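Numbering (the UniProt record's numbering), first residue to last: 1 to 405.
We put the beta carbon where it would ideally sit given N, CA and C, even for glycine.
Everything numeric in this text was worked out from a predicted model, so none of it was measured.
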Ligand SMILES: [Zn+2]
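If you want it as structure tokens, here you go:
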């Protein structure tokens, strides 16, 4: 045993472990009572033991081992911390006017992402980092303990590398998205921009990132360009993710599967062939309902994906243009209300699903050996995340064994 202090978190009404071998939620259990199989590995009247930055024990509170410290959560629910596998938090400025116009039924004149690119390029390092930290803390207060974030508003060698350097100070899940859009100065030479993204920009960015991403969409990058960009990134040791099939049908999802990308994100417009390809792959379908909410767009069909056997993650896509929410509870509520997910599926997708989308096994679950990243809800069960939408239920957050909220 290590010499770290051990802490018992007990009197948990409902514990979500995401450990399918545990609890009445397990499909293999003879005593589950949810009316269908749950992926959540639920334990009633439960306890968790944390030692150092790890979970060392979970189970019934009556069987809990002796520990140095004891925290009584008084009949509340405990879940793994949320894993938000898709955000864009290195930016400056905001786009209130654009949102206001869109929601007021007025067409907004071009600007969009270019507005954010101009503001981001003009910002100092300190301004960008302060903004990132503000939204990082906002997410943490709502239970997000693992957060991926991307570059993509610099679109020059220096500005993309700067974004990644700043992001890497605050999360290990950093994604190079030089291929977000073609910047205005390359409007007449998109091939030249792809050469930059796969050349000098990649050289400057790869040391600061774990992932490479590309926005594969009409008006952004086509399938051939996306393949070239992702392949170049892989050759530099980056792992792959992709913005795919958000606004239209297209080649993104099948490219993700072909290249064994960890995740295809958005997946709003899918053919049966796309769904089949995902179902027969390791690629996670990450759904981002904040984007459809904020643009009044058609919802992705989570039910269709789940019924086909696809692994589904939920994420915020937090960005100033199309989804300015950092709230995983809000995304869970939308997924249950409008995308055909059960409350248990949505909670799984926001925790274990996000971990799968980042190819992580140490987060998104509460079992011996996992990181002690967890949240306490001011409610007796995880179902309240969808049942009480918009209510700030997250009352404690623990990250790496330390209470941070
Ligand atoms: Zn995005």
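Query raised in the report: Could you give the uninterrupted runs of the alpha helix (DSSP H) lying entirely in the segment 21-101, keeping only those of 4 residues or more?
Result: none
Requested in this report: Tell me, to the nearest whole angstrom, how far the beta carbon of residue 229 is from that of residue 175; I am working on the premise that it is less than 8 Å.
Outcome: Not a contact, Cβ separation roughly 13 Å.
Report task. With a threshold of 8 Å, establish whether the CB of residue 317 neighbours any heavy atom of ligand 1. Result -> yes
Report task. Check whether the segment 82-102 touches the segment 310-329, taking contact to mean three or more Cβ pairs, one atom from each stretch, closer than 8 Å. Result -> yes
**Report entry** Local Cβ density within 10 Å of residue 188, reported as buried at 16 or more and exposed below that
**Finding:** exposed
**Report entry** Residues that DSSP places opposite residue 150 in a beta bridge
**Finding:** 175
Query raised in the report: Any heavy atom of ligand 1 within a distance shorter than 8 Å of the CB on residue 68?
Result: no
Query raised in the report: Near residue 338, which residues of its chain fall below 6 Å by C-beta distance, leaving aside the five closest residues on each side in sequence?
Result: 299
Query raised in the report: What do you reckon, is the C-beta of residue 84 under 8 Å from a heavy atom of ligand 1?
Result: no
Query - Uninterrupted alpha helix (DSSP H) stretches inside the segment 204-286 (no shorter than 4 residues) - result: 223-235, 252-258 and 272-279
Query - CA-to-CA distance, residue 207 to residue 390, given in whole angstroms - result: 39 Å
Query raised in the report: Cβ of residue 243 versus every heavy atom of ligand 1: is any distance shorter than 8 Å?
Result: yes
Query raised in the report: Any idea if residue 241 is buried or exposed, counting beta-carbon neighbours within 10 angstroms, 16 or more meaning buried?
Result: buried
Query raised in the report: What residues in its chain sit with their C-beta under 7 Å from that of residue 353, if we drop five residues either side in the sequence?
Result: 284, 311, 312, 313 and 314
Query raised in the report: Can the beta-carbon of residue 252 be found less than 9 Å from the beta-carbon of residue 262?
Result: no
Query - For residue 319, the residue or residues it bridges with in DSSP - result: 323
Query - Nearest candidate by alpha-carbon position, reference residue 182, set 51, 291, 195 and 282 - result: 195
Query raised in the report: Which stretch, first to last residue, makes up the alpha helix (DSSP H) that contains residue 355?
Result: 354-357
Query raised in the report: Between the Cα of residue 60 and the Cα atoms of 73, 50 and 15, which residue gives the shortest distance?
Result: 15
Query raised in the report: From residue 26 to residue 249, what does the alpha carbon distance come to, in whole angstroms?
Result: Because residue 26 carries a pLDDT of 40, less than 50, the predicted location of this residue cannot be relied on, and the following value inherits that uncertainty. If you take the alpha carbons of residue 26 and residue 249, they lie about 36 Å apart.
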